[in-house]
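*Asks:* Chains as they are written, first to last, in the numbering used here: chain A, 129 to 335; chain B, 12 to 308; chain C, 145 to 272.
Quick one: structure below, then a few questions.
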Amino acid sequence: MPLIRKPPSGSLVPPPAPFDAAALSDGSSDVRWAAVRVAASRPDAVALLGGALARERDPRVREAIFSGLARIATEESAGIIVPYLRSEDASLRTGALDALHVMPAATAAYLPALVTDKDPDVRLLSCELARAQPAATANRLLCAVLDTDPEKNVCAAALDVLAETGGPEILASLNRCAQRFQDDPFLAFSIDVVRQQIGTQPASARE
Amino acid sequence: MSCVSRSGPSPLPRVSELPPVSEEDFRKVCEFLYRQTGMIFNESKRYYVDRRIGDRMTALGLTSFPLYFSRLRSDIEGEIETFINAFTVNETYFYREDHQLSCLTNDLLNELARTKRPGAPFRIWSAPCATGEEPYSIAIWLLENWRDVDKYEIEIVGSDIDTRCIEAARAGEYGARALMRLTPELIQKYFESVGEERWRIVLDLRDSVRFTSVNIVEPLDTWAHGTFDVIFCRNVLIYFDDASRRVAAENLYESLVPGGFICLGHTESMSRISPLFEVRRFVDAIVYQRPRGNAHG
Amino acid sequence: MAEGSKRVLIVDDAGLVRRFHRDALGQGGFDVAEALNGVEAMEKVLAEPFDLLVVDVNMPQMDGISFLKALRRQEGPTGAVPVLIVSTEAGPQDVEAARAVGANFYLVKPVRPEVLVEHAALMCGGVR
């Protein structure tokens, strides 16, 4: 059976190239991708990746930058990403949101300000970030949204997460939200679903 | 992925004191699992999902659904994996998911061959490979089903994080269950009998598959394996947490040549893992491709 | 589902939105499937034909705009399927961004069920 050969092991792989900061902004997207991956393991990674993110236009290279920052998972690395939630570019917003989603502990400190941001689009995306938080944290943040946020769509985003995290402690906020937006069939439907999910639960059974 | 074969659905009896699973509890679990894994549980699986919830609550000594859901949501002690294992086949055997092997020889290799000269290397990676059934299946399938198998230098690598699996794969010894999908002719051709109900892969075939250990979440680990034309990465990413999935997907992307393909398990979807790959539909399977060049939107 | 029903794919990451739209379109006589983001939507449209896609913009992994770009690159009927964007993004630049990549119509959330069904019917050729 000579058709499939087993070649000598390890002969095919070149050693990783030494880090070249210029490669983060020059050359093909494959070169930039490789540079980002190396940069992500350096001590000065946050600054390097932050700079690269500001310049990068290729969605796949941006994805690698977001991953590198998500892997570092500090408040500092999350802080680099947060402003991109405001981007006009949907793919950039998505990349930022997905990266923050995988580092919930690093993102937690930013959430109270984000869910009360002056921009309703930012508040809306930030509700989704609460999904990655412990249920008690998510419920606290999102009940405040239900109580006060003037935008239907922000409340709807909060409800989608509360459908997963909520317990009897959110019922009062559900009721207040229902009263504020009585005329909207989607919010009425959403609140009804979340209420039904909570309805039969004894309060003591929650985490 | 462990080489210790996992058991199927546990037939624990339902405990009568547990309250029945409500419609909204059922929907909540379905939506959560769908969001997390992409697996669709709908009304047609209601009975099985309800029973599974009951079984898990009984096994854990939990008396209320919210307590169980909280554990599932936080994935405590791998609860998501434990739950969905009842709905997936965890056994590994030869020619499992052979529609992907059909796809490999009917479409993937032919497409990749268009940019290769005769004699050029073709590298195929099975990771994780567990006890070797998959990489050996690929080798046998290619020998049996790909007319151009002699035209290229084909290298098959099987890798797993578990070194006991690697040892077992190198030894290449299997029981009857692992061989259940193979015809007697194939068994005769590629195996030798080594005792009652035990068969061993013939030496030539064992010599043609290389086995290594790898942690696919570790970039230097995957880097050291070079680049591949096709990667089989089945039934492992679905069980990783979100952060590990992300890293693994990027490692695998880097381990593919431009235009190279990755095959996931049939219940897995790249949609919960990464946007890096392009979705390709072939007659036999949906697979994911690293784009050629810098093509992107 | 009645034979000859028009088949609609709802692409939205919010479970409550999918459920609301599915109920509305189901009651409107449509046969409905769902996807959670652009990657899953691409898997679904490559696997089977749809008469209409109802697509959100902000979604994990692949947003609606990136999905539309990838969709319109597909050959044949798959790449030509009508797309109704249903998004919270209400600015003229958001509508223009969607139109530029091949969206056929744009509605701002939240959408009333009868409005969704009416638009879906029109975009499927008025027959359902």
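Every residue gets a Cβ at the ideal spot worked out from N, C-alpha and C, and that includes glycine.
If we define contact as Cβ-Cβ less than 8 Å, is Arg-166(C) a contact residue for chain A?
*Replies:* So no, Arg-166(C) is outside the interface.
*Asks:* With distances taken between CB atoms, is the gap from Pro-221(C) to Pro-193(C) smaller than 8 Å?
*Replies:* Against a cut-off of 8 Å, the Cβ pair of Pro-193(C) and Pro-221(C) comes out as a contact.
*Asks:* Does the Cβ of His-3(B) have 16 or more other Cβ atoms within 10 Å, making it buried, or fewer, making it exposed?
*Replies:* Look at the range of chain B in this structure, 12 to 308, and you will see that residue 3(B) is not part of it.
*Asks:* When you compare the CB positions of Leu-299(A) and Leu-269(A), do they come within less than 8 Å of one another, or not?
*Replies:* No. Outside cutoff.
*Asks:* List the DSSP bridge partners of Asp-171(B).
*Replies:* Per DSSP, Ser-224(B).
*Asks:* For Ala-266(A) and chain B, any beta-carbon pair shorter than 8 Å?
*Replies:* No, Ala-266(A) does not count as interfacial toward chain B.
*Asks:* Buried or exposed: which applies to Ala-191(C), given that a residue is buried once 16 or more other Cβ atoms fall within 10 Å of its Cβ?
*Replies:* So Ala-191(C) ends up on the exposed side.
*Asks:* Measure the C-alpha to C-alpha separation of Asp-173(B) and Val-228(B) and round it to an integer number of angstroms.
*Replies:* Those two C-alpha atoms are separated by around 14 Å.
*Asks:* According to a CB-to-CB cut-off of less than 7 Å, which residues of the stretch 183-203 of chain C neighbour chain B?
*Replies:* Answer in chain order: Val-183, Glu-184, Met-186, Glu-187, Leu-190 and Ala-191.
*Asks:* Please list, in chain order, all residues of the same chain as Val-189(A) whose beta carbon is under 7 Å from its beta carbon, the five residues on each side excluded.
*Replies:* Only Ser-157, Arg-160, Trp-161 and Val-164 meet the Cβ criterion.
*Asks:* Can you check whether the C-beta of Ser-318(A) is within less than 8 Å of a C-beta belonging to chain C?
*Replies:* Answer yes: the Cβ-Cβ gap between Ser-318(A) and chain C drops below 8 Å somewhere.
*Asks:* Using a Cβ-Cβ cutoff of less than 8 Å, which residues in the same chain neighbour Val-245(A) once the five nearest sequence positions on both sides are dropped?
*Replies:* Per the sequence presented here, residue 245(A) reads as Asp, with Val not at that position. Only Arg-251 and Ser-254 meet the Cβ criterion.
*Asks:* Alpha helix (DSSP H) containing Leu-275(B): first to last residue?
*Replies:* Element bounds for Leu-275(B): n/a, residue is neither H nor E.
*Asks:* State buried or exposed for Pro-232(A), treating a residue as buried only when at least 16 other CB atoms are found within 10 Å of its CB.
*Replies:* So Pro-232(A) counts as buried.
*Asks:* Using a 10 Å radius around the Cβ and a threshold of 16 neighbouring Cβ atoms, would you call Thr-202(A) buried or exposed?
*Replies:* With fewer than 16 other Cβ atoms within 10 Å, it is exposed.
*Asks:* Going residue by residue through the stretch 109-171 of chain B, where are the continuous alpha helix (DSSP H) segments of at least 4 residues, counting only ones entirely within it?
*Replies:* Taking only runs of at least 4 residues, the alpha helix (DSSP H) segments lying wholly in the stretch 109-171 of chain B are 109-114, 120-124 and 144-156.
*Asks:* Determine whether the Cβ of Gln-171(C) lies closer than 8 Å to any Cβ atom of chain B.
*Replies:* Output row for Gln-171(C): interface = no.
*Asks:* DSSP three-state call for Phe-293(B): helix, strand or coil?
*Replies:* Coil.
*Asks:* With a threshold of 16 other CB atoms inside 10 Å of the CB of Arg-257(B), please say whether the residue is buried or exposed.
*Replies:* That one is buried.
*Asks:* Of all Cβ atoms in chain A, is any one closer than 8 Å to the Cβ of Glu-312(B)?
*Replies:* Because chain B in this structure spans residues 12 to 308, residue 312(B) falls outside the shown range and cannot be described.
*Asks:* Can you tell me which residues form a DSSP beta bridge with Ala-177(C)?
*Replies:* For Ala-177(C), which the question treats as bridged, DSSP gives the partners Leu-153(C).
*Asks:* List the residues of chain A whose Cβ lies closer than 9 Å to the Cβ of Leu-361(C), in chain order.
*Replies:* Since the first residue of chain C shown is 145 and the last is 272, residue 361(C) is not available in this structure.
*Asks:* Give a yes or no on whether 8 Å exceeds the smallest Cβ distance from Asp-175(C) to chain A.
*Replies:* Not one chain A Cβ lies under 8 Å of Asp-175(C).
*Asks:* Thinking just about the alpha-carbon of each residue, which of Phe-202(B), Arg-192(B), Asp-215(B) and Cys-244(B) is nearest to the one in Arg-107(B)?
*Replies:* That would be Arg-192(B), whose Cα lies nearest to the Cα of Arg-107(B).
*Asks:* Compute the beta-carbon to beta-carbon distance between Val-201(C) and Glu-233(C), rounded to the nearest angstrom, for a pair I have assumed lies under 8 Å.
*Replies:* Their Cβ separation, rounded to whole angstroms, is 5 Å, which keeps Val-201(C) and Glu-233(C) in contact under 8 Å.
*Asks:* To be precise: take each residue of the stretch 229-254 of chain A, compare its Cβ to all Cβ atoms of chain B, and keep it if any distance is under 8 Å. Which residues remain?
*Replies:* Per Cβ criterion, the list reads His-229, Val-230 and Met-231.
*Asks:* I'd like to confirm the pairing. Which residues does DSSP put opposite Gln-300(B) in its beta bridges?
*Replies:* Phe-272(B) and Glu-289(B), per the DSSP bridge assignment.
*Asks:* Along chain E, which residues have their Cβ under 8 Å away from the Cβ of Ala-198(A)?
*Replies:* Considering every chain present, this structure includes no chain E. Its protein chains are A, B and C.
*Asks:* Measuring CB atoms only, is the stretch 111-129 of chain B touching the stretch 159-178 of chain B, in the sense that at least three cross pairs come out at less than 8 Å?
*Replies:* The stretch 111-129 of chain B vs the stretch 159-178 of chain B: in contact.
*Asks:* Tell me whether Leu-231(B) is buried or exposed, calling it buried when 16 or more other Cβ atoms sit within 10 Å of its Cβ.
*Replies:* Label assigned to Leu-231(B): exposed.
*Asks:* From the DSSP secondary-structure annotation, give me the bridge partner or partners of Val-259(C).
*Replies:* In the DSSP output, where bridge partners are listed per residue, Val-259(C) has none listed.
*Asks:* Do you know how far the Cα of Ser-148(B) is from the Cα of Leu-290(A)?
*Replies:* So the two alpha carbons sit approximately 46 Å from each other.
*Asks:* In chain A, which residues lie less than 7 Å from Pro-31(B) when you measure between Cβ atoms?
*Replies:* Correct list: empty, because the minimum Cβ distance to chain A is about 11 Å.
*Asks:* For a contact defined as C-beta to C-beta under 8 Å, what are the partners of Ala-206(A) on chain B?
*Replies:* Those do not exist, as Ala-206(A) stays about 13 Å from chain B at its closest Cβ, beyond 8 Å.
*Asks:* List the residues that DSSP assigns as beta-bridge partners of Glu-229(B).
*Replies:* Beta-bridge pairing links Glu-229(B) to no other residue.
*Asks:* Report yes if the C-beta distance between Ala-167(A) and Arg-199(A) is below 8 Å; otherwise report no.
*Replies:* Contact flag unset, no.
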